[in-house]
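Using our numbering, the first residue of the sequence shown is number 6, and each one after it goes up by one. Each residue gets a CB set at the ideal place from its N, CA and C atoms; glycine is no exception. Predicted model only: the values in this text are computed from it and were never measured. Here is the structure we will look at.
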Amino acid sequence: MKRTGAPAKGVYLLPNLLTTAALFAGFFAIIKAVEGAYVAAGIAVLIALVFDGLDGRVARLISAETHFGADYDSISDAISFGLAPAVLIHQWALEPFGNIGWLGGFLFTACAGLRLARFNSQSAVKDKRYFQGLPAPAAAATLGAWVLFVEDTGLAWVGVDLVTLVGVYCLALLMVSNIRYRSFKDADLRYRVPFPVAVAVVGLLILVAIHPPLMLAAFFIVYALAGPVDTIRQLRRRRRQRRARTEVDSSDGEA
6 MKRTGAPAKG
16 VYLLPNLLTT
26 AALFAGFFAI
36 IKAVEGAYVA
46 AGIAVLIALV
56 FDGLDGRVAR
66 LISAETHFGA
76 DYDSISDAIS
86 FGLAPAVLIH
96 QWALEPFGNI
106 GWLGGFLFTA
116 CAGLRLARFN
126 SQSAVKDKRY
136 FQGLPAPAAA
146 ATLGAWVLFV
156 EDTGLAWVGV
166 DLVTLVGVYC
176 LALLMVSNIR
186 YRSFKDADLR
196 YRVPFPVAVA
206 VVGLLILVAI
216 HPPLMLAAFF
226 IVYALAGPVD
236 TIRQLRRRRR
246 QRRARTEVDS
256 SDGEA
């Protein structure tokens with residue numbers, strides 16, 4: 006939620022109710038992770054993502070953005086997308102690694118908190134089209150979807166825990182990096198789109214329906230990787246542009 010408006014008595018019910026639902030889902034994920042119900046915990050993290058996406062949009066829609074809502078949303082996010090996925094992934098895969106495992110969970114939680122604090126402090130100056138660093142909800146959803154995918158497909162190979170450990174550390178560092186990620190906030194769904202785009206959306210829904218855990222895991226993993234890949238492409242493009250300018254300057258000097 007955006008920080009706007011003057012102090013006032015009372016709170017807006019609907020957006021804060023959605024934030025509470027996200028917080029409840031995060032707390033439920035922690036309980037289920039401790040109980041060993043990892044699939045239920047992974048689903049709860051994804052449900053928290055849905056409610057978190059709704060509360061801010063509803064607040065903007067009904068002009069109910071407040072400082073209280075923004076602060077409450079940050080607390081909810083820290084638990085649902087920082088602590089909950091860290092507990093889930095530790096109980097599910099990281100516990101055998103000992104100190105390296107639980108420290109990875111703590112690093113994920115701490116980086117999620119730092120990411121949220123940076124987002125709030127830069128809310129008035131940042132480019133709305135991009136996030137600076139991987140959003141904490143996306144990082145949490147990546148872990149939740151990964152748990153669902155592995156549990157659904159029965160991938161019990163030895164390396165899955167090691168891949169998960171490396172993934173947790175990478176996601177944590179991506180959250181506090183300066184790598185830009187598309188926010189898609191500039192997308193306006195009120196306008197017409199080409200017919201092939203509508204067909205592609207239907208096709209995507211069909212793919213998700215065929216195997217939801219696979220498609221959800223693939224979507225969030227691709228999004229997490231899109232930032233570094235796009236950054237590398239931009240760096241190479243700038244290097245080529247500098248090289249081209251240098252060659253032009255050299256040729257002008259020789260002439």
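Please determine, among D76, L178, V207 and L121, the residue with the shortest C-alpha to C-alpha distance to T25. In the sequence shown, residue 25 corresponds to position 20, counting from 1. For the residues D76, L178, V207 and L121, the minimum Cα distance to T25 belongs to D76.
Taking all protein chains shown into account, do 16 or more other C-beta atoms lie within 10 angstroms of the C-beta of V50, making it buried, or fewer, making it exposed? Residue 50 sits at position 45 when you count from the first residue of the sequence shown. It counts as buried.
C-beta contact flag for A38 and Q127 at 8 Å: Looking up residue 38 in the sequence shown gives position 33. Looking up residue 127 in the sequence shown gives position 122. Their beta carbons are not under 8 Å apart, which means A38 does not touch Q127 by this criterion.
Assuming I94 and V173 are in contact, meaning their beta carbons sit under 8 Å apart, how far apart are those beta carbons, in whole angstroms? Within the sequence shown, numbered from 1, the residue matching residue 94 stands at position 89. Within the sequence shown, numbered from 1, the residue matching residue 173 stands at position 168. Correct: roughly 6 Å between the Cβ atoms.
Which class does A11 belong to by DSSP, given the choice of helix, strand or coil? The residue given as residue 11 occupies position 6 in the sequence shown. Because the pLDDT at A11 is just 46, under 50, the model does not fix this residue reliably, and the point stays unresolved.
CB contact flag (V63, L23, <8 Å): Within the sequence shown, the letter at position 58 stands for residue 63. Within the sequence shown, the letter at position 18 stands for residue 23. For V63 and L23, yes; Cβs fall inside 8 Å.
Three or more C-beta pairs closer than 8 Å, one from the region 45-60 and one from the region 135-149: is that the case here? Yes, since at least three Cβ pairs between the region 45-60 and the region 135-149 fall closer than 8 Å, the two stretches touch.
Following the continuous alpha helix (DSSP H) through F200, name the residue where it begins and the one where it ends. As a position in the sequence shown, residue 200 is number 195, starting the count at 1. That run of the alpha helix (DSSP H) goes F200 to I215.
Exposure of I67, with buried meaning 16 or more beta-carbon neighbours within 10 Å: Counting from one through the sequence shown, the residue named residue 67 turns up at place 62. I67 comes out exposed.
Distance between A117 and A83 (C-alpha atoms, nearest Å): Translated into positions along the sequence shown, residue 83 becomes position 78. Translated into positions along the sequence shown, residue 117 becomes position 112. Distance between the alpha carbons of A83 and A117 is about 7 Å.
When you compare each of P90, V202, A249 and A214 to A177 by their alpha carbons, which one comes out closest? Within the sequence shown, the letter at position 172 stands for residue 177. Nearest C-alpha to A177: P90.
Residue closest to F86, alpha-carbon to alpha-carbon, out of T251, V55, A98 and G103: Position 81 of the sequence shown, counted from the first residue, corresponds to residue 86. Closest option to F86, Cα to Cα, is V55.
Run through the DSSP bridge pairs and tell me what R185 is partnered with. Here residue 185 refers to the residue found at position 180 of the sequence shown. Per DSSP, Q137.
Straight-line CA distance for A249 to R242? Taking the sequence shown and counting its residues from 1, the one referred to as residue 249 is at position 244. Taking the sequence shown and counting its residues from 1, the one referred to as residue 242 is at position 237. About 11 Å.
Confirm, please, whether the CB-CB distance from V168 to Y43 is below 8 Å. Looking up residue 43 in the sequence shown gives position 38. Looking up residue 168 in the sequence shown gives position 163. No. Outside cutoff.
What are the boundary residues of the alpha helix (DSSP H) that includes T25? Along the sequence shown, one-based indexing puts residue 25 at 20. Judged by DSSP secondary structure, T25 falls within the alpha helix (DSSP H) whose first and last residues are L18 to E40.
For the candidate residues F33, T251, L108 and L179, whose alpha-carbon lies nearest to that of L121? In the sequence shown, residue 121 corresponds to position 116, counting from 1. Selected option, being the one with the closest Cα: L179.
Starting from W107, follow the alpha helix (DSSP H) in both directions and report where the run begins and ends. On the sequence shown, residue 107 is found 102 positions in, with the first residue counted as 1. For W107, the enclosing alpha helix (DSSP H) has its first and last residue at N104 to S126.
Tell me which residues share the same chain as V165 and place their Cβ nearer than 8 Å to its Cβ, disregarding the 5 neighbours each side in the sequence. Here residue 165 refers to the residue found at position 160 when the sequence shown is read from its first residue. Residues A98 and V155 of the same chain have their beta carbon placed closer than 8 Å to that of V165, with the five preceding and five following residues left out of the count.
Length of the line joining the Cα atoms of P199 and I35: If you number the sequence shown from 1, residue 199 lands on position 194. If you number the sequence shown from 1, residue 35 lands on position 30. Going from the Cα of P199 to the Cα of I35 covers about 43 Å.
Please tell me whether, using a cut-off of 7 Å, the distance from the CB of F111 to the nearest non-hydrogen atom of the ligand ATP is below it. You won't find the ligand ATP in this model; it holds no ligand whatsoever.
Using the Cα positions of L219 and I80, report the straight-line distance between them to the nearest angstrom. The count along the sequence shown starts at 1 and reaches residue 219 at position 214. The count along the sequence shown starts at 1 and reaches residue 80 at position 75. Approximately 30 Å, taken between the alpha carbons.
Quick one: Cα of F33 to Cα of L112, how far? Against the sequence shown, residue 33 aligns to sequence position 28. Against the sequence shown, residue 112 aligns to sequence position 107. Rounded to whole angstroms, the gap between the alpha carbons of F33 and L112 is 21 Å.
Give the straight-line distance between the Cα atoms of V16 and P101, rounded to the nearest whole angstrom. Counting from one through the sequence shown, the residue named residue 16 turns up at place 11. Counting from one through the sequence shown, the residue named residue 101 turns up at place 96. Using only the alpha carbons, I get a separation of about 45 Å.
Counted within 10 angstroms of its Cβ, other Cβ atoms place L209 as buried (16 or more) or exposed: Position 204 of the sequence shown holds residue 209. Taking all protein chains in view, the Cβ of L209 is surrounded by fewer than 16 other Cβ atoms within 10 Å, so the residue is classified as exposed.
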